[in-house]
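Colleague: Let me begin by handing over the structure; questions about it come next.
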Amino acid sequence: EQRHAFTRLARTIQLLFETSEKQVYCFRHLLLRDYFAFRYANNFLQKGELQDDKSSSSISKIEVVKALGKLDNQRAVDLLTGVLNNNEEDKDVRYEAANSLGQFTSGVYFRGYRQTFGDDNVISYSLSKFSSDQTEKYFQEFFRKRSIELNIADEDVKQIDRISRGIPLVVNLAATMWREGIPVNDIVSEQGDSHAEIVATACERFLTHFSNFQDTEEDLRAVYLLAMMRRFDSEFLQSMLNTPDLQSRGQELYKRYSFVSPELRLDGQHQVFFKKFLLEQQRDDSLVKEISSKARSYLEKRFNEYDVNQARDIRLTDSLTTSAEQWINNHKNREIISDWIYYGFWESEKEGWKYLIPYLVKGWLYNLDWARSLLDIPVQFTSTIESNYLLRLFKWGLPPSENMTAGTDDQSLLLEELEKPTNQRSEDTNQRSEDKELRAIVLLKRGDLLFEQGKYNEARDKYQESKNYIPDQGITLTQKLLFSEQRVEAYIKDEHNIQKQLLEVIKKIDNRLTREENKQPTSTSDNLEKNLEDQAKPILETSKDVPQQPSDIKSSPHSDELPPKKLNYIPIKAVFIGFSGGVLSGVLISGNGNVFLWVLVGFLLGIILGNDEIRYAFKGLYDQIIAFFK
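Okay, structure coming up:
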């Protein structure tokens, strides 16, 4: 009666609702569900209570324990632990309670079952690795304990054994998924979501287990390092693990953890998911920060050691005094710098980009293939809008190869970003200082882009400014600047010569036309009429032999003659002025070779300005357009 009263109240205030398909009550809020689940389970699991309650006859303790396994909550842990600690409880119920605890992912871990449950409750059995037969036997027992009539094919067992590598936890997760109806192919396929979930869960449980216990800290440090490493490097590992004997350390870890090889490499899938786990959930962990900081310090020291025989002692964070040309051709140096930038991204994306950008710019000039390979580093860490924007700028702004160029718009956007003051400084240990080589390269690249756009004078200015920032021993950079300057000076000189020659031609034409006009005794129209009459005579004589079409139209004697004054409205000087204006406009305004277009425009302007009828026609059209809009 009390239960029905509560149900009515809960439905009235919409805490519960009844489904239409089945007479089942559903909770609208998970907290309410958990509250009743814990309260009911707590009473139900107490020995002797609710045994006479008819309403509970349709549910067993095993089902209650399985239901608690779905509630990833500390209260559920306490209830299930109570069942495990109760020696008088049915063994099947206790077995199911242990399995339910194993399904949790929120930190339900035990230091040792013997320590927790006592010697009488624990059967000592090594679960270091299942064989294929043991995996099959586990599946059979797993379903028999749950009264499930399922048979798994031998081929499916082999596939699960292959992907589980005999790890008991992975076998258990696969069995649980298969019981819930997930196809074996989805469980074993590396592209399947279920497979990814299995590996991620196994990694997460392992790492969380390690982080809870201090006596395994060194093992945890080793696994973190193996997951974080950009590439295998024995010297790096010796320094980071503080052990001269990597083989012995590898054997120790291999005996304890099946996914660590004796050569100190993580299994491929575990490497991927361990790394993903650290990036997504442990990025700010103190141990991750410690490893990345120590790695960067080691790499700086190692870089100086490699470089000491080539030039002066150079710090990776200092680009002020020595050109990258002094170290960039050494493969080992490039790999060390790539590692150094990589561990900077482990500290933070902002930190990573701060050190990556200068080396992308220097690689753009000295080693383009290396610069483009550096872009693979931020891809693994990019999670912010700013990082995505920078990555996109460099991917499209850098040329695809030495023999190809990027689009002018993409290059311009990238250079605009690089020209910001914040991107032209390097982090010194004591103060922020300008990276001169970076600025020199950016100015050089901006000059090259202006040259491609035909803006030769602006390009020359950028080249001259770039000279002020060339670092010591920057031989290659100096040579490239010298070549670019000579090229742009040649184009500017050619352009000046073309302008000078055109002006001389125009001047000669103007002088000749002036002399011709001064020599003419009669008007231009009289000369034209005389010339037309002389030209018309042979035409008229020839036309007598041509058959004429009959016509009713009576023509006047002068109907085919040109009005003598019409031609006078297109004076030679008007055409000459238009031609001169077009040529000068083409040379001065157009930097991309469209001089002839402006010459044509000049001729048209000359004709329009010199002919009254054309000018009046244009004026009339203009007046009509204005009137229309008014």
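In terms of our numbering, the sequence shown is residues 2 to 631.
We put the beta carbon where it would ideally sit given N, CA and C, even for glycine.
Since we're looking at a predicted model, the values are computed, not measured.
Less than 9 Å between the beta carbons of isoleucine 168 and valine 185, yes or no?
Modeller: Contact: no.
Colleague: Suppose you measure from the CA of asparagine 88 to the CA of leucine 267; what does that come to, to the nearest Å?
Modeller: Rounded to whole angstroms, asparagine 88 to leucine 267 spans 41 Å at the Cα level.
Colleague: Could you please give the first and the last residue of the uninterrupted alpha helix (DSSP H) stretch that includes glutamate 438?
Modeller: Looking at the DSSP string, the run of the alpha helix (DSSP H) that includes glutamate 438 is 437-453.
Colleague: Verify whether the separation of the beta carbon atoms of leucine 265 and leucine 300 is less than 9 Å.
Modeller: The answer is no: Cβ separation not under 9 Å.
Colleague: If you draw a straight line from the alpha carbon of phenylalanine 304 to that of asparagine 331, how long is it in whole angstroms?
Modeller: Computed Cα separation, rounded: 11 Å.
Colleague: How should tyrosine 390 be labelled, buried or exposed, when 16 other C-beta atoms within 10 angstroms of its C-beta is the threshold for buried?
Modeller: Label assigned to tyrosine 390: exposed.
Colleague: Using a threshold of 9 Å, state whether the C-beta atoms of lysine 302 and methionine 229 are closer than that.
Modeller: Against a cut-off of 9 Å, the Cβ pair of methionine 229 and lysine 302 comes out as no contact.
Colleague: I'd like the list of long-range same chain contacts for lysine 62, defined as Cβ closer than 6 Å, with 5 residues on each side in sequence excluded.
Modeller: So the list reads Val94, once near-sequence residues are dropped.
Colleague: Are leucine 369 and leucine 399 touching if we call contact CB-CB under 9 Å?
Modeller: Yes, Cβ-Cβ distance for leucine 369 and leucine 399 is below 9 Å.
Colleague: Enumerate in chain order the residues of its own chain whose CB-to-CB distance from aspartate 410 is below 8 Å, with the five nearest sequence positions on each side excluded.
Modeller: No residues qualify anywhere along the chain.
Colleague: According to the neighbour-count rule (16 or more other Cβ atoms, all chains shown, within 10 Å of its Cβ), is threonine 385 buried or exposed?
Modeller: Classification of threonine 385: exposed, given that the 10 Å Cβ count is below 16.
Colleague: For the alpha helix (DSSP H) that contains valine 224, what are its first and last residues?
Modeller: Segment 218-229, the alpha helix (DSSP H) holding valine 224.
Colleague: Under three-state DSSP, which class holds leucine 267?
Modeller: In this structure, leucine 267 counts as strand in the three-state DSSP scheme.
Colleague: If I'm right that threonine 231 touches tyrosine 356 with Cβ under 8 Å, what's the distance once you round it to whole angstroms?
Modeller: For the record, residue 231 in the displayed sequence is arginine; it is not threonine. That belief does not hold up - the Cβ atoms of arginine 231 and tyrosine 356 are roughly 14 Å apart, past 8 Å.
Colleague: Just to confirm before moving on: does the CB-CB distance between glutamate 354 and glycine 364 stay below 9 Å?
Modeller: The amino acid occupying residue 354 in the given sequence is tryptophan; glutamate does not appear at that position. No, Cβ-Cβ distance for tryptophan 354 and glycine 364 is not below 9 Å.
Colleague: Using the rule of at least 16 other Cβ atoms within 10 Å of the residue's Cβ for burial, across every protein chain shown, is lysine 159 buried or exposed?
Modeller: The residue is exposed, with fewer than 16 neighbouring Cβ atoms inside 10 Å.
Colleague: Under a Cβ-count criterion, where at least 16 other Cβ atoms within 10 Å of its own Cβ denotes burial, should asparagine 334 be classed as buried or exposed?
Modeller: Label assigned to asparagine 334: buried.
Colleague: Who pairs with valine 94 in a beta bridge, going by DSSP?
Modeller: According to DSSP, valine 94 bridges with nothing at all.
Colleague: So is glutamate 420 buried or exposed if we call it buried at 16+ other beta carbons inside 10 Å?
Modeller: With fewer than 16 Cβ atoms within 10 Å of its Cβ, glutamate 420 is classed as exposed.
Colleague: So, do the stretch 276-286 and the stretch 236-243 have three or more beta carbon pairs nearer to each other than 8 Å?
Modeller: Flag = no, the stretch 276-286 and the stretch 236-243 do not touch.
Colleague: How would you call valine 171, buried or exposed, if buried means at least 16 neighbouring beta carbons within 10 angstroms?
Modeller: Label assigned to valine 171: buried.
Colleague: Measure how close the beta-carbons of tyrosine 367 and glutamate 326 come, nearest whole angstrom, since I'm counting them as under 8 Å.
Modeller: About 6 Å separates the two Cβ atoms, so the contact holds.
Colleague: With distances taken Cα to Cα, identify the nearest neighbour of aspartate 473 among Ile188, Ala176, Asp436.
Modeller: If we check each option's Cα against that of aspartate 473, Asp436 comes out closest.
Colleague: Could you compute how far the alpha carbon of alanine 98 sits from the alpha carbon of valine 65?
Modeller: If you take the alpha carbons of alanine 98 and valine 65, they lie about 9 Å apart.
Colleague: Count the CB pairs spanning the stretch 466-482 and the stretch 497-510 that are closer than 8 Å, and state whether there are at least three.
Modeller: Segments in contact, no.
Colleague: Residue ranges of each beta strand (DSSP E) run of no fewer than 3 residues wholly in the stretch 347-407, ordered along the chain?
Modeller: Here no run is fully enclosed.
Colleague: Alpha carbon to alpha carbon, how far is leucine 174 from glutamate 181? Give it in angstroms, no decimals.
Modeller: Approximately 11 Å, taken between the alpha carbons.
Colleague: To which residues of the same chain is aspartate 553 closer than 7 Å at the C-beta, ignoring the five residues directly before and after it?
Modeller: Bear in mind that a pLDDT of 42 at aspartate 553, under 50, signals an unreliable position, so the number given afterwards is only what the model happens to contain. If we look at aspartate 553 and ignore the five residues flanking it on each side, it has no Cβ neighbours.
Colleague: Keeping to the same chain, check which residues put their C-beta closer than 6 Å to that of leucine 81; ignore five residues upstream and five downstream.
Modeller: Taken in chain order, the residues that qualify are Leu69, Ala98, Ser101, Leu102.
Colleague: Would you tell me roughly how many angstroms separate the C-alpha atoms of glycine 675 and arginine 222, rounded to the nearest one?
Modeller: No statement about residue 675 is possible, as the shown extent of the chain runs from 2 to 631 and does not include it.
Colleague: Can you tell me the Cα-Cα spacing of tyrosine 258 and threonine 479, whole angstroms?
Modeller: Approximately 56 Å between the Cα atoms of the pair.
Colleague: From valine 200 to glutamate 336, what does the alpha carbon distance come to, in whole angstroms?
Modeller: Cα to Cα, valine 200 sits roughly 31 Å from glutamate 336.
Colleague: Give me the residue from Ser388, Asp449, Cys204, Pro401 with the minimum Cα distance to leucine 416.
Modeller: The shortest Cα separation from leucine 416 among Ser388, Asp449, Cys204, Pro401 belongs to Asp449.
Colleague: Provide the residue(s) that pair with valine 261 in DSSP beta bridges, ordered along the chain.
Modeller: DSSP output for valine 261 lists Leu267 as bridge partner(s).
Colleague: What number of angstroms, rounded off, separates the C-alpha of leucine 451 from the C-alpha of proline 379?
Modeller: The alpha-carbon atoms of leucine 451 and proline 379 are separated by roughly 30 Å.
Colleague: Report all residues from its chain with a CB closer than 8 Å to the CB of valine 443; omit the five preceding and five following residues, and keep chain order.
Modeller: If we look at valine 443 and ignore the five residues flanking it on each side, its Cβ neighbours are Val362, Leu416, Leu419, Glu420, Gln425.
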